[in-house]
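Positions 1 to 329 (the UniProt record's numbering) are the ones given, in order, by the sequence shown. Virtual Cβ for every residue (Gly too), placed ideally from N, Cα, C. No experiment lies behind these values; they were computed from the predicted model shown.
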Amino acid sequence: MSIERLKDEGTRQQVVIAGGIAGLVSRFVIAPLDVVKIRLQLQSHSLSDPVSCDGIKGPIYKGALNTIRSIVRQEGIRALWKGNIPAEVLYVTYGGIQFTTYRTITQAQALLPMKVPESVQSFVSGAGAGATATTITYPLDLLRTRFAAQGIDRIYAGLIASLRDINRHEGPTGFFRGLSAAVGQIVPYMGLFFTSYEFLHQRIGGKTLPFGSGDATAGIFASIFAKTAVFPLDLVRKRLQVQGPTRSRYIHTNIPEYKRGVIHALATIWRKEGYRGWYRGLTVSLVKAAPASAVTMWTYERVLHSLISTNRADEMWEIYTGYDDEYDD
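Dropping the structure here:
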C-alpha cells in the first residue's frame with residue numbers, strides 16, 4: 001500500500017469496503033484480548049504494594065492469562081466478548097473512514113506544487129486519517145470500554161439503554177470523555193504506524209515473503225513500535241472514559257477520579273503508581289496489537305486486490321460481450 005499505489009489503485013467504494021471488512025475481521029479475532037487489556041488498564045492499585053490493595057472490592061488481576069481465567073471463572077466465557085457489539089460497529093466504521101481518509105489525504109498531497117518526502121506524506125496521511133476516524137467513531141469507543149469494564153452487576157441493560165442513560169445523566173459531552181487523549185494518542189500513533197508500515201512494506205511486503213505474509217509482518221512490527229510509543233495516552237483515555245456518575249460501579253470500584261484533563265491524569269498516575277502505572281496492560285496490548293494490525297493490513301490488501309480483480313474481470317466481460325454484439329450486427 002505504497003504512496004504511488006494508493007494514488008491509482010482502487011476506487012473510493014472499494015477502499016471503503018476493504019477497510020470495513022478488515023476492521024470487522026480484526027475485531028472478531030482480538031475481542032477477548034481487548035477486554036483483558038481494558039481491565040488491566042483500569043486497575044489502579046499496585047500489585048507490588050499490598051497496602052494499595054487493601055479495601056479493594058473488585059478483582060485483582062495479575063497478568064493476561066490470570067485475567068482471562070478470572071473473567072471466565074467469575075463471569076463466564078461470554079464475558080470475554082463484552083462490548084463486542086459497539087466494538088464491531090466501531091471497527092467497521094473506523095476501518096472504512098481511516099482508509100478512505102488516508103487515501104484522500106495522500107491523493108491531495110500529490111497535487112501540492114512542491115515535492116514532499118514520501119515518509120512525510122505517510123505520516124501526515126496516517127495522522128489525519130487516524131484523527132478523523134477517531135473523532136467520528138469516539139462514542140462507540142467509549143461504549144466499548146464501559147461495557148468491557150462491567151462486572152456481573154450490569155450498569156447498562158443494553159446498547160440503546162446505555163445511549164439513553166449517558167445522554168440523560170451526562171449529556172452529549174458524556175460520549176466524548178477522554179477525546180483529547182484519544183486524538184493526542186492517535187495522531188502520533190497512526191503517523192508512526194503508517195510511516196513504519198510503508199517503510200517495511202517496501203522491503204518485505206508483497207511477494208517478498210510467501211503467501212503475502214510480508215504485509216502481515218510489516219503490520220506487526222509497525223504496530224509494536226507505534227503502540228509502545230503512545231501507550232500512556234491510551235491508558236489515560238480508558239480511565240477518562242469511565243469517569244462520571246458510574247465510575248465506582250465498574251469491575252474495579254476504585255478507579256481514580258481525574259478532573260483536570262489528560263496532563264493532570266498522567267502526572268497523577270506517575271505520582272501514585274510510578275512509571276509502571278503508565279504501562280499497565282502494555283504486554284497484552286502488544287500481543288493484541290500485533291495480530292490485530294497483521295489481520296487488518298493482510299485482509300485489507302487481499303480484499304482490495306480481490307475487488308479490483310473482480311471489477312477488471314467485469315469490465316473485460318463487458319468489452320467482450322459488447323464486441324460480440326457489434327460483430328453480430
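Check whether the segment 282 to 293 touches the segment 262 to 274, counting contact only when three or more Cβ pairs, one atom from each stretch, lie closer than 8 Å.
no
What are the start and end residues of the alpha helix (DSSP H) that includes VAL116?
Careful: VAL116 lies outside any alpha helix (DSSP H) and carries neither H nor E.
Within a Cβ cutoff of 6 Å, which residues of the same chain sit near GLU170, ignoring the five residues on either side of it in sequence?
GLY244
The alpha helix (DSSP H) with ALA31 in it runs from where to where?
12 to 42
Could you work out which residue in PRO59, ALA64, THR135, SER309 is closest to ASP185 when comparing CA atoms only?
As written in the sequence, residue 185 is Gln, which differs from the Asp given in the question. When the alpha-carbon of GLN185 is set against those of PRO59, ALA64, THR135, SER309, the nearest one is in THR135.
For ASP141, count neighbouring C-beta atoms within 10 Å of its own C-beta (all shown protein chains included) and say buried if the count is 16 or more, exposed if not.
buried
Restricting to runs no shorter than 4 residues, where is the alpha helix (DSSP H) found entirely within the UniProt repeat "Solcar" (210 to 306)?
213 to 241, 261 to 273
Less than 8 Å between the CB atoms is what I'm expecting for GLU75 and ILE155, so what's the real figure, rounded?
About 14 Å; that fails the 8 Å criterion.
Does DSSP put GLY174 in a helix, a strand or coil?
helix
Are the segment 62 to 82 and the segment 99 to 116 touching, with three or more C-beta to C-beta distances below 8 Å?
The segment 62 to 82, when compared against the segment 99 to 116, does not touch it at the 8 Å Cβ threshold.
Rounded C-alpha distance that separates PRO232 from VAL72
27 Å
Assess, as a yes-or-no matter, whether the segment 28 to 36 is touched by the segment 77 to 84 under the definition of 3 or more beta carbon pairs within less than 8 Å.
yes
Enumerate in chain order the residues of its own chain whose CB-to-CB distance from THR195 is below 7 Å, with the five nearest sequence positions on each side excluded.
Here the set comprises SER119, SER122, PHE123, GLY126.
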